[in-house]
Amino acid sequence: MPLTQIAQFGVNRLSILDENGKADEKLLPPLTPPQLIALYIHMLQLRIFDDKALKLQRQGRIGTYASSLGQEACTVGSAFALKNQDWTFPAFREHGVFFTRGVEMVKTLQYWGGDERGSDPGEGQNCFPVSIPVGSQPLHAVGCALGMKYKKRDAVAVGYMGDGGTSEGEFHEAMNAAGVFNAPVILICQNNQYAISVARKNQTAAQTLAQKAIAYGIEGLQVDGNDVLACYLATSIAREKAISGKGPTFLEFETYRIGDHTTADDSTRYRTKEEIAAWRAKDPIARFETFLLAKGILSPSLIDQIKQEAVAKVEKAVQAYETMPPQKIEDLFDHMYAITPKDLAEQKRAYVGFRQTHGKENQPDTIGPGFP
Amino acid sequence: MKVNMIQALNQAMDLELQSNPDLVVYGEDVGKDGGVFRVTDGLQAKHGSHRVFDTPLAEAGIIGLGIGMAAYGLHPVAEVQFSGFMYPGLNQLISHASRIRNRSRGRFSCPLVVRTPCSGGVKAPEHHSESSEAYYIHTPGLKVVMPSTPTDAKGLLTSSMREKDPVIFLEPLRLYRAFKEEVPEEQYATPLGEAFIRQPGEDITLITWGTMTLACKEALETISQNEKWSIELIDLRTLSPIDWDIIHKSVRKTGRCVIAQEAPQTLGLASEVMARILENDLLSLEAPVRRVTGFDTIMPLLKNEEHFIPHADRIYAAIQDVMRF
């Protein structure tokens, strides 16, 4: 018997804005000028926030921080396509998702500054807190989507991960379950080319990450992750599809982490200057800015104004972070269970009492030189 | 009507599915097949495949999906088929389920029940007979339950399905069909966190849970024939949080204590019970506290598992030691 081809698959890539900010007009999403400006503002604010957070870490004012420099289009573009009733399940480099969805910046500073209150996104914000274990949170997005389906809600769940996350077993379980249950979920991989120091080519032998969707019977799409319009459009289409019952989508946002993995990492050990420079030339903000200027939607003076406002907003968040009263000791114990068990209440009572008698009640720890 | 533990658990889920529209029962084989032990038998036919459904074979997946469903407002009741298959799901339990409330400062919660068999004694293959309760108890944020009778199984599972926090519900394999008893037909909830005195006594406190309650009862029968000691048997029922009050009260009364667990000895729950008794009740003690436990070995295959599982004679011997100290 000769071999017979029984199935054929392909992988598509979506790109709207080229590296010179020139758009494929046919593909432009139907966004109004104020919406386009909002996208730009979100990206710029995120970049200014990142820059400030790195400085704060160097000064010992927050702990280890994970920069999203260069990846602004991924988080801002995707989150901009969501509605409030949608739920997001981030990894740890998705600050842009929080900000774009309206979570206060101060929360992210609190979180990376070691104040657990930063993980509460605030009333009505359907933003799950940061997941540090890699690749395990896409399952929560799929489960949440099952809940949406069960309750017949017009909403989607979005799970984020990095390229390293796609090597984890639970990524497979999430993709598989998403397909089996036809869940209204979007799984987004920010493929920033490195899992700490391990390059994408050492992460998987697959030619693209998007093609991994094929094995699970769901749609996969590679998206230019430095093109905010493509990130927005892909997420929008996936959202519409999910809501109309047509199932999950896996999006690979191909991008690059310009900074180190975190402030505890030194990427010069494993990356070349040339490689970084080549990706800097694909900068998502500069590209979008050129596009908006050419369209007459932005002007140099408006850019200046947006920058000033962004700096002011970030500074205000920093001030709010640094003037916040410290967490109370009780706060360590009070969120473990809906009703604190007697034994844990006793541990709390004993420790609060100990701190009071030893005069160190609620004294915050200094952050110091930090990890590692 | 007299029912065994499997039927009692089935009743609990059936009644809760009727009264709570947000409750879903799911896992591998739970739907059409009714679970490999038939605990979910008939539930899909009665409540529909949107309420009772099969999942792909994936333990982390089963638990991880439950976390998302629970966060969204469902009350998922998951089944993981065998205790030894829980380990691939431990990441989801330890890294996520137990932390969602704390991590989000109470904004989100994880009212998920994970049901799984535990312990040995039914001659099952490797990885089917583990007593791994210590892993779960050692994880802050989880509640751990292990019933030893059909009546408790139904009441405790009902409570677990109404919890606002994740519960690991461990079902001792050996007790599934070991005996039947009269169980109220209606829905009832036995509170978590409360131990039960199965037999009151004055001379020595015998503390146990799950499978070992059978061996302890057997030991008590032999003792009642041979000795005049009055033994208080405490069944913990909920392993996290533990009912410390009942333990301390009893040990202060009797001054003697033996703890029986099937799990390996080192750092098992018996160790913690001993430590607490020493911290709190030292001056009431008339003799050292003794543990009767499994060994720090892998649970043997079927021909030898009865060596691992503490028998009534080992419990009797420990009680003799303590009484005659």
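In order, the protein sequence lines correspond to chains U and R. This note's numbering numbers the first residue of the first sequence as 1 and each following residue consecutively. This note's numbering numbers the first residue of the second sequence as 1001 and each following residue consecutively. Even for Gly, the Cβ is constructed at its ideal location relative to N, Cα and C. Predicted, not measured: the structure shown is a model, and the values here were computed from it.
Inset, instruction - Output yes if chain R places a C-beta closer than 9 Å to the C-beta of Ile-243 (chain U); else output no. - result: no
Inset, instruction - Give the residues of chain U in contact with Thr-1040 (chain R), contact being defined as C-beta atoms less than 7 Å apart. - result: The contacting residues do not exist; Thr-1040 (chain R) stays about 18 Å from chain U at best.
Inset, instruction - Would you check if the distance between the CB atom of Gly-159 (chain U) and the CB atom of Ala-174 (chain U) is smaller than 9 Å? - result: yes
Legend entry - Anticipated Cβ contact below 8 Å, Leu-187 (chain U) with Ala-178 (chain U), distance rounded: 7 Å
Legend entry - Separation of Ala-1124 (chain R) from Ser-1019 (chain R), as counted between CA atoms: 35 Å
Legend entry - Positions along the region 1065–1087 of chain R whose CB lies within less than 7 Å of some CB in chain U: Leu-1065, Gly-1066, Ile-1067, Gly-1068, Met-1069, Ala-1071, Tyr-1072, Gly-1073 and Leu-1074
Inset, instruction - Identify whether Phe-92 (chain U) lies in helix, strand or coil by the three-state DSSP scheme. - result: coil
Inset, instruction - Assign Phe-80 (chain U) to buried or exposed, taking buried as 16 or more other Cβ atoms, counted over all protein chains shown, within 10 Å of its Cβ. - result: buried
Inset, instruction - Please go through the same chain and pick out, in chain order, the residues whose beta-carbon is closer than 7 Å to the beta-carbon of Leu-1267 (chain R), but skip the five residues on each side of it. - result: Ala-1134
Inset, instruction - Express the C-alpha separation of Ala-73 (chain U) and Ala-278 (chain U) in angstroms, rounding to a whole number. - result: 17 Å
Inset, instruction - Could you tell me if Gln-190 (chain U) is buried or exposed, where buried requires 16 or more neighbouring beta carbons within 10 angstroms of its beta carbon? - result: buried
Inset, instruction - Can you give me the Cβ contacts of Tyr-232 (chain U) inside the same chain, cut-off strictly under 8 Å, excluding the 5 residues immediately before and after it? - result: Pro-29, Leu-31, Leu-39, Gly-77, Ser-78, Phe-80 and Ala-81.
Legend entry - Selected residue, minimal CA-CA separation from Ser-1271 (chain R), among R:His-1307, R:Glu-1305, R:Ile-1207 and R:Thr-1222: R:Ile-1207
Inset, instruction - Please state whether DSSP places Trp-1244 (chain R) in a helix, a strand or coil. - result: helix
Inset, instruction - Determine the direct distance from the alpha carbon of Lys-212 (chain U) to that of Ala-206 (chain U), and round the result to whole angstroms. - result: About 8 Å.
Legend entry - Chain-ordered residues of the region 143–157 of chain U with a beta carbon less than 8 Å from chain R: Of all residues in the region 143–157 of chain U, Gly-143, Cys-144, Ala-145, Leu-146, Gly-147, Met-148, Tyr-150, Lys-151 and Ala-157 have a Cβ within less than 8 Å of some Cβ in chain R.
Inset, instruction - Compute the distance between the beta-carbons of Glu-1181 (chain R) and Thr-1149 (chain R), then report whether it is under 9 Å. - result: Cβ distance < 9 Å, so Glu-1181 (chain R) and Thr-1149 (chain R) count as in contact.
Legend entry - Sheet register partners of Arg-280 (chain U) (DSSP bridge): DSSP output for Arg-280 (chain U) lists no bridge partner at all.
Legend entry - Beta carbon proximity, Ile-1242 (chain R) to chain U, threshold 9 Å: yes
Legend entry - Val-1077 (chain R), DSSP secondary structure in three states: Here Val-1077 (chain R) sits in strand by DSSP.
Legend entry - Helix, strand or coil at Asn-176 (chain U) according to DSSP, with G and I counted as helix: helix
Inset, instruction - Could you check what DSSP says for Ile-1006 (chain R) in three-state terms: helix, strand or coil? - result: helix
Inset, instruction - Return the residues of the region 311–341 of chain U that lie within a Cβ-Cβ distance of less than 7 Å from chain R, sorted by chain order. - result: His-335, Met-336, Tyr-337, Ala-338 and Pro-341
Inset, instruction - Grab me the residues of Asn-226 (chain U)'s own chain with a C-beta within less than 6 Å of its C-beta, minus the 5 sequence neighbours each way, in chain order. - result: Result list for Asn-226 (chain U): Ala-73, Thr-255, Lys-282 and Pro-284, in chain order.
Inset, instruction - Report the residue from U:Arg-257, U:Gln-222 and U:His-172 whose alpha carbon sits nearest the alpha carbon of Ala-199 (chain U). - result: Closest in alpha carbon position to Ala-199 (chain U), among U:Arg-257, U:Gln-222 and U:His-172, is U:Arg-257.
Legend entry - Counterpart residues of Cys-127 (chain U) in DSSP-defined beta bridges: U:Thr-88
Inset, instruction - Step through the CB atoms of chain R and report whether any lies within less than 9 Å of the CB of Asp-24 (chain U). - result: no
Inset, instruction - Would you mind reading off the limits of the beta strand (DSSP E) that contains Asn-1280 (chain R)? - result: Run containing Asn-1280 (chain R): none in the beta strand (DSSP E); it sits in the alpha helix (DSSP H), 1269–1281.
Inset, instruction - Would you kindly check if the distance between the Cβ of Pro-1056 (chain R) and the Cβ of Val-142 (chain U) is under 9 Å? - result: No, these two residues do not count as a Cβ contact at 9 Å.
Legend entry - C-beta neighbour in chain R for Glu-94 (chain U), strict 9 Å: no
Inset, instruction - Would you kindly work out how many angstroms separate the C-alpha atoms of His-1138 (chain R) and Leu-1170 (chain R), rounded to a whole number? - result: 15 Å
Legend entry - Cβ neighbour criterion (16 or more within 10 Å) applied to Gly-1155 (chain R): buried
Inset, instruction - Go ahead and label Gly-296 (chain U) buried or exposed: buried means 16 or more other beta carbons lie within 10 angstroms of its beta carbon, across all protein chains shown. - result: Residue burial is scored here from C-beta neighbours: Gly-296 (chain U) has fewer than 16 other C-beta atoms within 10 angstroms and is therefore classed as exposed.
Legend entry - Spatial distance of Met-1013 (chain R) from Lys-1228 (chain R) (CA atoms): 43 Å
Legend entry - Residues within the region 1162–1178 of chain R neighbouring chain U, beta-carbon criterion of under 9 Å: Glu-1163, Lys-1164 and Asp-1165
Inset, instruction - Indicate whether Val-1273 (chain R) and Val-1322 (chain R) have their beta-carbon atoms separated by less than 9 Å. - result: Annotated as distal: Val-1273 (chain R) and Val-1322 (chain R), with beta-carbon spacing of 9 Å or more.
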